[in-house]
Amino acid sequence: MTTSTEMLTTLRAKLKLYEGNVKHFYLDTKGKVTIGVGHMLAHKNDTSGIILYKTHEGKLTKAATLAEKMAEFDVISKRPWGKRYLYKSFEPYTTLVMKQTDIDFLLNKHIDSFYTELKSLYQKHKGYADDFDNFDTNLKLALFDMIFNLGATKLRKSFPKFNAALKSEDFETAAKESHRLDIDHTRNEYVNDLISNLVVEA
Amino acid sequence: MKTYFVKPFIATLLLQSSCSASQPNIPPSLVKTEFSGIELSSPWPLKLKGFEYKTYSNSDIKFKTCRDVLDFDYNKIIPFEQFHFKLLSISCNALNKHKDFETSKRSFFKENITPKDFLQLPGLSVPYLSKTEYSHRHNKTIKESFQSINVSADRNGTKILTNDDEFYIHILGRGDFNGDKIEDLLVSSEWYARHARGKHTDLVILSKTGKNEPVNVIWRLNKL
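Written as structure tokens, this is what we have:
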């Protein structure tokens, strides 16, 4: 991946801020079993793709077997969920946890997948000033933020004025058009500032 | 004798009154199961059970009534917990609106709205993320707003799937909102990005004023 370590650290921190960083299973607002940084598990068989540990007196002991992970999935998936039940309310019903390094490994895979989509969307031959890899770091961070939230199709189709402004390197307009209605003021301002401070290279 | 004549007269009046009352008066109704954690039997601003969120300043804030929720700026809550709070806020806003709903004389909405019927609701009944999405769905139904669409009943409500969106729609209540004596619907919805992490929610009031009239959004919580 052509992103600096510093940028990857920023991206991971941002996603943890938006999606949480939870070591145990919990149910999201749709009632789906979730862990780590918003990593949703559609089926209990998906627990084979994650490493969970048993704990004793707050310390990790040995890795859980697939049967143990599936059993924990079953326990949590049957809990009530909804606006009354934040992630932390599920902790008393869990016995297994993920290590932070494993959570970060999963997170890197999600970031990689978004990166592939961004490289495909933003290419010089599509009318942009350059390919995504050669964009200014701040612009890359802004685009990552938008694709995390919207996905590639919505970023392309629901924000046409934003993309048109990027093509013409009108960063003031692009910053304004990056505004999304589903996120908070702080996050919109963050992306706005990343873009509006860009300058066109002579 | 006098009494004899008066009694039938009163009876006629009562009969007329009862004829008038027998027109389809439809009292406001609420789908109580949609408001888990809110004590609906308590007086407004309604008591809440166990809603606590973390703020950017790293303090926990407990919400005891719907008034506390309505008065609070969600921007102060940490992003990870914000959506949960927004859902609670939708419930409190819905209950705040619904308490002023009045009895209707008529309704052009079906009593039992099926998942398929939801496709005929306005495209703007569900959350939108940009001005482009707003313009694209303006004056269109949900069915007309999206290219590929699948609707089903789900444990989370009526689920509408498009290529990129996952919507859930809930009818929270009914009643006359705008004083025209025609029943309106109070509808909440959630949006989740299918291939990303975005989510959003909104609350609308829908009106239908005639059998062949379209359904219109006459009020919404999140304005453009």
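First to last, the sequence lines map onto chains A and B.
The opening position of the first sequence corresponds to residue 0 in numbering that gives the first Met the number 0, with each subsequent residue numbered one higher.
The opening position of the second sequence corresponds to residue 0 in numbering that gives the first Met the number 0, with each subsequent residue numbered one higher.
Beta carbons: idealized from backbone N, C-alpha and C, even for Gly.
Secondary structure note for Arg219(B): its beta strand (DSSP E) is the uninterrupted segment Asn215 to Arg219.
CA-to-CA, the gap between Ile49(A) and Phe89(A) works out to about 19 Å.
Sequence-distant Cβ neighbours of His97(B) in its own chain, meaning closer than 8 Å and more than five residues away, are Pro27, Leu29, Leu171, Gly172, Gly174 and Leu185. Bounds of the beta strand (DSSP E) holding Phe62(B) are Asp59 to Thr64. Within chain A, Gly150, Ala151 and Thr152 have C-beta atoms less than 8 Å from the C-beta of His194(B), given in sequence order.
In the DSSP assignment, His55(A) falls within the unbroken beta strand (DSSP E) covering Tyr52 to His55.
The segment 135-142 of chain A and the segment 6-24 of chain A touch, with no fewer than 3 CB-CB distances between them shorter than 8 Å. Counting only Cβ-Cβ distances below 8 Å, Tyr17(A) has contacts in chain B at Pro78, Phe79 and Arg196, in chain order. The bridge partners DSSP lists for Ala192(B) are Asp164(B).
Between the beta-carbon of Glu80(B) and that of Tyr52(B) there is about 5 Å, and that keeps the pair under the 8 Å contact cut.
One alpha carbon belongs to Glu71(A), the other to Ser134(B), and they sit about 46 Å apart. Taking 8 Å as the threshold, the shortest C-beta distance from Phe24(A) to chain B does not fall below it. For His38(A), there are no neighbours in chain B by C-beta distance under 9 Å, as the nearest C-beta there is about 10 Å away. Only residues of its own chain outside the window of five on either side were considered, and among them Lys31 and Thr33 have a CB closer than 6 Å to the CB of Met39(A), listed in chain order.
In this structure, the CA atom of Ser41(B) is about 27 Å from the CA atom of Asn221(B). With a beta-carbon spacing of about 5 Å, Leu123(B) and Arg136(B) fall inside the 8 Å limit used to define contacts. Taking 8 Å as the cut-off, the beta carbon of Lys46(B) is found closer than this to the beta carbon of Lys63(B). Residue pairing by DSSP places Phe50(B) opposite Phe62(B) in a beta bridge.
For Glu132(B), the neighbours in chain A by C-beta distance under 7 Å run, in chain order, Ser157. Comparing C-alpha distances from Lys118(A) to each of Glu67(A), Phe131(A) and His124(A) shows the shortest one belongs to Phe131(A). In the DSSP annotation of this structure, the continuous segment of the beta strand (DSSP E) that includes His23(A) starts and ends at Val21 to Leu26. Under the three-state reduction of DSSP output, Ala174(A) falls in the helix class.
Non-local C-beta neighbours of Asn215(B) in its own chain, meaning closer than 6 Å and more than five positions away in sequence, comprise Ser206, ordered along the chain. Residue contact with chain B for Lys61(A): absent (no Cβ-Cβ distance below 8 Å to any residue of chain B).
Contact check for Leu26(A) against Ile75(A) passes: the beta carbons are separated by less than 8 Å.
For Lys61(A), the uninterrupted beta strand (DSSP E) run begins and ends at Lys58 to Ala62, by DSSP.
DSSP places Asp99(B) in the coil class of the three-state scheme, outside both helix and strand. In the structure shown, Asp72(B) falls within a coil segment according to DSSP collapsed to helix, strand and coil. Your pair Ser103(B) and Ile25(B) checks out as a contact, with CB atoms roughly 4 Å apart and the cut at 8 Å. Taken through DSSP and simplified to helix, strand or coil, Thr32(B) comes out as helix. Under a criterion of Cβ atoms nearer than 9 Å, no residue of chain A is adjacent to Gly156(B); the nearest Cβ is some 10 Å distant. Look at Gly178(B): its C-beta is not under 8 Å from any C-beta on chain A. Collapsing the DSSP output to three states places Gly35(A) in a strand. Contact annotation: in the segment 118-152 of chain A, residues whose CB is within less than 8 Å of a CB in chain B are Ile146, Phe147, Asn148, Leu149, Gly150, Ala151 and Thr152. For Lys13(A), the CB contacts under 7 Å within the same chain, skipping 5 residues up- and downstream, are Asp144 in chain order.
Closest in alpha carbon position to Lys29(A), among Tyr84(A), Asp73(A), Ile194(A) and Thr60(A), is Tyr84(A).
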